[in-house]
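Asker:
Number of protein chains: 2
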Amino acid sequence: MPNLYIALVHHPVVNKCGERITAAVTNLDLHDISRAAKTYGVRAFYVVTPLSDQKALVQKIVDHWIKGKGAVYNPKRRDALELITIMDSIDEAVDHVCKIERYRPLTVATCARPGIKNIGFDQLREMLQSGRPYLLLFGTAWGFTEELMTGTDYLLAPIQANTGYNHLSVRSAVSIILDRLLGNSR
Amino acid sequence: MPNLYIALVHHPVVNKCGERITAAVTNLDLHDISRAAKTYGVRAFYVVTPLSDQKALVQKIVDHWIKGKGAVYNPKRRDALELITIMDSIDEAVDHVCKIERYRPLTVATCARPGIKNIGFDQLREMLQSGRPYLLLFGTAWGFTEELMTGTDYLLAPIQANTGYNHLSVRSAVSIILDRLLGNSR
């Protein structure tokens, strides 16, 4: 069984000008990505931000849906949002997986630009079959810093179609990548 | 070349209790779905609502990104949102495709529940290779009315993984379905 963890990273990422920033959390990212994660059997969904006010905001949203009125209104949403754990940093998320699995997860960055270290979707899909834990990282804003990408174990190939345009939202990218890595045959 | 049109339908759809309603437009649906449509080479993205205030809202958002400050701030977003055309009804969208293509498109409803008329993803992917126009319909809120689904030419199989949970957002569902129908091999 694939043993996949995912993280939505708000720092370190870059802005439009390539400067290192901390991005704000987007409410619908929490919903869409946790629903996709639950659909495809992802083990945990880490929301990574070092900012305490952003962490409090995420916790408030999650609590509404898993303990508050949202849980009664829509229990399916509760099942999805329960996958969320808030983390200060990617390192903290890696440590969290280590504690659960007793193995350090292999880290895989995703990116919309092709890179030299890229591994393909079929290759990663096969690697996941080993049962070894993997942590797949998704960047917000204009994506990860170069530094972050050179520090991960792998870099996943970008999603490309025949159009030359690949400006998907992170919500779309997560959904497509989980389907490619964990989806059933059609 | 596949000749695919998509429509995001806000009426007729059902609410949580199965009652026929008109759903409100969600801003991020416009962005995420037009970006996915542009990435996969979809011909047009119809936003279907009979409500004049909702049509005005969609037009205002689209104008901001294709003619207003948004077009200068992010031209890639402009390229995506240019795919949007607002329609009163599914029939009006069908007529619009007829005018462009001089053929009536075959209509395909999508649904999270399995049905007896379902066609598979590989089957529809192959049918699209004929170059004949197809109009793929996505429902908002709790999905289409039964009546609508029995009236389309085809009903696409639901996205399913091995978990038994398939409560994806419409943004995620559109992204995954376009990748399955039009995406490159991995």
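Note that the protein sequences, when read in sequence, are chains A and B.
As numbered in my numbering, residues 1 to 186 make up the first sequence, in order.
As numbered in my numbering, residues 187 to 372 make up the second sequence, in order.
Note that the Cβ used here is the ideal one computed from N, Cα and C, for glycine as well.
Remember, predicted model here, so these are calculated numbers, not experimental data.
So, A:ALA141 versus A:VAL48, is the Cβ gap smaller than 8 angstroms?
Answerer: Taking the first sequence and counting its residues from 1, the one referred to as residue 141 of chain A is at position 141. Taking the first sequence and counting its residues from 1, the one referred to as residue 48 of chain A is at position 48. No, the pair does not count as a contact, with Cβ atoms beyond the cut-off.
Asker: Label B:ASP277 either buried or exposed according to how many other C-beta atoms from any shown protein chain fall within 10 Å of its C-beta, with 16 as the threshold for buried.
Answerer: As a position in the second sequence, residue 277 of chain B is number 91, starting the count at 1. Exposed, because fewer than 16 other Cβ atoms sit within 10 Å of the Cβ of B:ASP277.
Asker: Using the beta-carbon of each residue, which ones in chain B are nearer than 8 angstroms to A:ARG35?
Answerer: As a working note, residue 35 of chain A is residue 35 in the first sequence. In chain order: HIS353, LEU354, SER355, SER358.
Asker: Under DSSP, the alpha helix (DSSP H) around A:ILE177 begins and ends at which residues?
Answerer: The count along the first sequence starts at 1 and reaches residue 177 of chain A at position 177. Here the alpha helix (DSSP H) through A:ILE177 covers 170–182.
Asker: Under 8 angstroms Cβ to Cβ from B:VAL294, same chain only, skipping five residues before and after it: list those, please.
Answerer: Locating residue 294 of chain B in the second sequence gives position 108, counting from the first residue. For B:VAL294, where only same-chain residues beyond five positions count, the Cβ hits under 8 angstroms are ILE305, LEU310, TYR320, LEU321, LEU322, LEU323, THR338, ASP339, TYR340, LEU341, LEU342.
Asker: If we cut at 8 angstroms on Cβ distances, does A:LEU239 have a partner in chain B?
Answerer: Given a span of 1 to 186 for chain A in the structure shown, any question on residue 239 of chain A remains unanswerable.
Asker: Please name the residue or residues paired with B:PRO319 in a DSSP beta bridge.
Answerer: Sequence index remark: in the second sequence, residue 319 of chain B carries index 133 (1-based). Per DSSP, B:ASN189.
Asker: Quick one: what does DSSP say A:GLY151 is sitting in, helix, strand or coil?
Answerer: Locating residue 151 of chain A in the first sequence gives position 151, counting from the first residue. In this structure, A:GLY151 counts as helix in the three-state DSSP scheme.
Asker: Quick one: give me the first and last residue of the alpha helix (DSSP H) that A:TYR40 is part of.
Answerer: Translated into positions along the first sequence, residue 40 of chain A becomes position 40. 27–40 is the extent of the alpha helix (DSSP H) around A:TYR40.
Asker: Hey, out of A:ALA80, A:SER169, A:TYR73, whose CA is closest to A:GLY143's CA?
Answerer: Within the first sequence, the letter at position 143 stands for residue 143 of chain A. Minimum Cα distance to A:GLY143 is reached at A:SER169.
Asker: Here's the rule: buried if 16 or more other CB atoms are within 10 angstroms of the residue's CB, otherwise exposed. What is A:MET87?
Answerer: As a working mapping, residue 87 of chain A is identified with position 87 in the first sequence. Classification for A:MET87: buried.
Asker: Per the DSSP calculation, A:MET87 is bridged to which residue(s)?
Answerer: Against the first sequence, residue 87 of chain A aligns to sequence position 87. Note: A:MET87 sits in a beta bridge opposite A:VAL48.
Asker: Of all the CB atoms in chain A, is at least one closer than 8 angstroms to the CB of B:GLN346?
Answerer: The sequence position of residue 346 of chain B within the second sequence is 160, counting from 1. True, the Cβ-Cβ gap to chain A drops below 8 angstroms.
Asker: I'd like to know whether the C-beta atoms of A:LEU4 and A:LEU181 end up nearer to each other than 8 angstroms.
Answerer: Stepping through the first sequence from its first residue, residue 4 of chain A is reached at position 4. Stepping through the first sequence from its first residue, residue 181 of chain A is reached at position 181. Closer than 8 angstroms, so yes.
Asker: Is the beta carbon of B:SER220 closer than 8 angstroms to that of B:LEU267?
Answerer: Here residue 267 of chain B refers to the residue found at position 81 of the second sequence. Here residue 220 of chain B refers to the residue found at position 34 of the second sequence. The answer is yes: Cβ separation under 8 angstroms.
Asker: Can you list the residues of chain B that A:HIS31 reaches, using a CB-CB cut of under 9 angstroms?
Answerer: Translated into the one-based positions of the first sequence, residue 31 of chain A becomes position 31. By Cβ distance, chain B contributes SER355.
Asker: In the DSSP assignment, what are the bridge partners of A:VAL13?
Answerer: Your numbering for residue 13 of chain A matches position 13 in the first sequence. DSSP lists A:ILE21, A:PHE144 as partners of A:VAL13.
Asker: Please determine, among B:HIS197, B:HIS217, B:ASN201, B:LEU216, the residue with the shortest C-alpha to C-alpha distance to B:THR208.
Answerer: Taking the second sequence and counting its residues from 1, one reaches residue 208 of chain B at position 22. Of the listed residues, the one whose Cα sits closest to B:THR208 is B:HIS197.
Asker: Which value, in whole angstroms, describes the spacing of the CA atoms of A:ASN27 and B:MET187?
Answerer: The residue labelled residue 27 of chain A in the question sits at position 27 within the first sequence. The residue labelled residue 187 of chain B in the question sits at position 1 within the second sequence. Each residue's Cα considered, the two are about 37 angstroms apart.
Asker: Cβ closer than 7 angstroms: which chain B residues qualify as neighbours of A:ALA44?
Answerer: Residue numbering aside, residue 44 of chain A sits at position 44 when the first sequence is read from its first letter. Here the premise fails: no neighbours, minimum Cβ distance about 14 angstroms.
Asker: Who are the neighbours of A:ASN118 on chain B, taking C-beta pairs under 9 angstroms?
Answerer: Against the first sequence, residue 118 of chain A aligns to sequence position 118. The premise fails here: A:ASN118 is roughly 12 angstroms from chain B at the closest Cβ pair, so nothing lies under 9 angstroms.
Asker: Return the chain-ordered list of same chain residues with a C-beta closer than 8 angstroms to the C-beta of B:ILE252, the five sequence neighbours on each side being excluded.
Answerer: Residue mapping note: residue 252 of chain B aligns to position 66 of the second sequence, counting from 1. Correct list, in chain order: ARG264, LEU267, GLU268.
Asker: What does A:THR39 reach in chain B if we use C-beta pairs closer than 9 angstroms?
Answerer: Looking up residue 39 of chain A in the first sequence gives position 39. Chain B residues near A:THR39: ILE345, GLN346, ALA347, THR349, TYR351, ASN352, HIS353, LEU354, SER358.
Asker: Between B:VAL283 and the rest of its own chain, which residues show a CB-CB distance below 7 angstroms, the 5 nearest in sequence each way excluded?
Answerer: Locating residue 283 of chain B in the second sequence gives position 97, where the first residue counts as 1. If we look at B:VAL283 and ignore the five residues flanking it on each side, its Cβ neighbours are TYR191, PRO291, PRO319, LEU321.
Asker: Would B:LYS255 count as contacting chain A if we go by Cβ distances under 8 angstroms?
Answerer: On the second sequence, position 69 is the one that residue 255 of chain B refers to. No, no contact with chain A.
Asker: Around the Cβ of B:ARG299, are there at least 16 other Cβ atoms within 10 angstroms (buried) or fewer (exposed)?
Answerer: Within the second sequence, numbered from 1, the residue matching residue 299 of chain B stands at position 113. So B:ARG299 ends up on the exposed side.
Asker: Under 6 angstroms Cβ to Cβ from A:GLN189, same chain only, skipping five residues before and after it: list those, please.
Answerer: What is shown of chain A runs 1 to 186, which leaves residue 189 of chain A out entirely.
Asker: Among A:ALA36, A:ALA44, A:LYS16, A:ASP63, whose alpha-carbon lies nearest the alpha-carbon of B:TYR259?
Answerer: As a working mapping, residue 259 of chain B is identified with position 73 in the second sequence. It is A:LYS16.
Asker: On the three-state DSSP scale, how would you describe B:ALA295?
Answerer: To locate residue 295 of chain B, count along the second sequence from 1; it is residue 109. The answer is strand: DSSP assigns B:ALA295 an E or B state.
Asker: Can you find a C-beta in chain A that's less than 8 angstroms from the C-beta of B:ASN370?
Answerer: The sequence position of residue 370 of chain B within the second sequence is 184, counting from 1. For B:ASN370, the answer is yes, since a Cβ of chain A falls inside 8 angstroms of its Cβ.
Asker: Taking only beta-carbon positions, decide if B:SER361 is within less than 8 angstroms of chain A.
Answerer: Residue mapping note: residue 361 of chain B aligns to position 175 of the second sequence, counting from 1. Yes - at least one Cβ of chain A is within 8 angstroms of the one on B:SER361.
Asker: Can you pull the chain A neighbours of B:ASP249, defined as C-beta to C-beta under 9 angstroms?
Answerer: For the purposes of this step, residue 249 of chain B is taken as the residue at position 63 of the second sequence. Residues of chain A passing the Cβ test: none, with the nearest at roughly 20 angstroms.
Asker: DSSP on A:GLY120, reduced to helix/strand/coil?
Answerer: Within the first sequence, numbered from 1, the residue matching residue 120 of chain A stands at position 120. Three-state DSSP puts A:GLY120 in coil, outside helix and strand.
Asker: Give the straight-line distance between the Cα atoms of B:ASN352 and B:THR336, rounded to the nearest whole angstrom.
Answerer: Here the question's residue 352 of chain B lines up with position 166 in the second sequence. Here the question's residue 336 of chain B lines up with position 150 in the second sequence. Their backbone Cα atoms lie some 22 angstroms apart in a straight line.
Asker: Decide if A:ILE176 is buried, meaning its Cβ has at least 16 other Cβ atoms within 10 Å, or exposed.
Answerer: The residue labelled residue 176 of chain A in the question sits at position 176 within the first sequence. A:ILE176 should be labelled buried.
Asker: Apart from the five residues just before and just after A:TYR103, which ones in its own chain have a Cβ nearer than 7 angstroms to its Cβ?
Answerer: What you label residue 103 of chain A is simply residue 103 of the first sequence in a count that begins at 1. Within the same chain, A:TYR103 has close Cβ partners ARG132, PRO133.
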